[in-house]
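Numbering (my numbering), first residue to last: 46 to 285.
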């Protein structure tokens, strides 16, 4: 029924009137596909190899103060929940970003050994032949401003609700931060109400500003491929 409704909406979709700078309301499943640059930058391996934008950023602000981001390998129903990581280290719950402040990188035993510290239980192998490297287990986003989706929409003056991404269209440079994504099945919001469906639209932003402008999260957490995520609001995003 949901797919059918979206298909019907697509028949009535309108173009947005030229380039638009407004709020982006992002569905949990869409959010799950654009968090990988964050994971890349908090990998201790990327930091140690000088490939991360978060080098030397522990205890410094990297995201919006309203947001806390955790990595929880013990999350009930999490798709990456397990007793241990791929090196046999017990999975843990740890805060990566606490109210916008970076608190830890993600470690496997190799990267932890290089810094004389314990692993965080984040070793993952792509397959049985590959070497393990640090990666997320289940990401969880918490907010000081958790709201129902209808309340989030009610507070939006002008915005776009994103519910789909064109396959293979999201281009993000995890170091430079350039981001361009083609969004599908989007809805235009004005004056606190959903007005109409819109045609495919391109969203562009600097990824690190994107994190700093992500200031509201919904109470509608859903299990996604990368963890338990809510709808989020990102301010001042460009659409065309």
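Glycine residues also receive a C-beta, built at the ideal position from the N, C-alpha and C atoms.
For the alpha helix (DSSP H) that contains residue i, what are its first and last residues?
i           : result
residue 253 : 252-257
residue 156 : 154-159
residue 282 : Careful: residue 282 lies outside any alpha helix (DSSP H), inside the beta strand (DSSP E) at 277-284.
On the criterion of 16 or more Cβ atoms from any shown chain inside 10 Å, does residue i qualify as buried, or is it exposed?
i           : result
residue 46  : Annotation note: pLDDT 43 at residue 46 (below 50); position unreliable, coordinate value reported separately. So residue 46 counts as exposed.
residue 103 : exposed
residue 281 : exposed
residue 77  : buried
residue 256 : buried
residue 259 : buried
residue 181 : buried
residue 262 : buried
residue 272 : buried
Does the separation of the CB atoms of residue i and residue j fall below 8 Å?
i           : j           : result
residue 285 : residue 64  : yes
residue 83  : residue 188 : no
residue 124 : residue 183 : yes
residue 115 : residue 138 : yes
residue 79  : residue 215 : yes
residue 209 : residue 230 : yes
residue 153 : residue 132 : yes
residue 147 : residue 105 : yes
residue 73  : residue 267 : yes
residue 234 : residue 207 : no
Roughly how many angstroms lie between the CA atoms of residue i and residue j, to the nearest whole one?
i           : j           : result
residue 67  : residue 201 : 9 Å
residue 99  : residue 58  : 40 Å
residue 164 : residue 149 : 11 Å
residue 88  : residue 236 : 41 Å
residue 269 : residue 171 : 19 Å
residue 197 : residue 254 : 21 Å
Using the DSSP secondary-structure output, state which residues sit across from residue i in a beta bridge.
i           : result
residue 349 : Any answer about residue 349 is impossible in this case: the structure gives the chain only from 46 up to 285.
residue 314 : Because the chain here runs from 46 to 285, residue 314 falls outside it and cannot be looked at.
residue 248 : 226, 284
What are the boundary residues of the beta strand (DSSP E) that includes residue i?
i           : result
residue 187 : 184-188
residue 102 : No beta strand (DSSP E) holds residue 102; DSSP gives it neither H nor E.
residue 38  : The shown model of the chain, from 46 to 285, leaves out residue 38, and the question about it has no answer.
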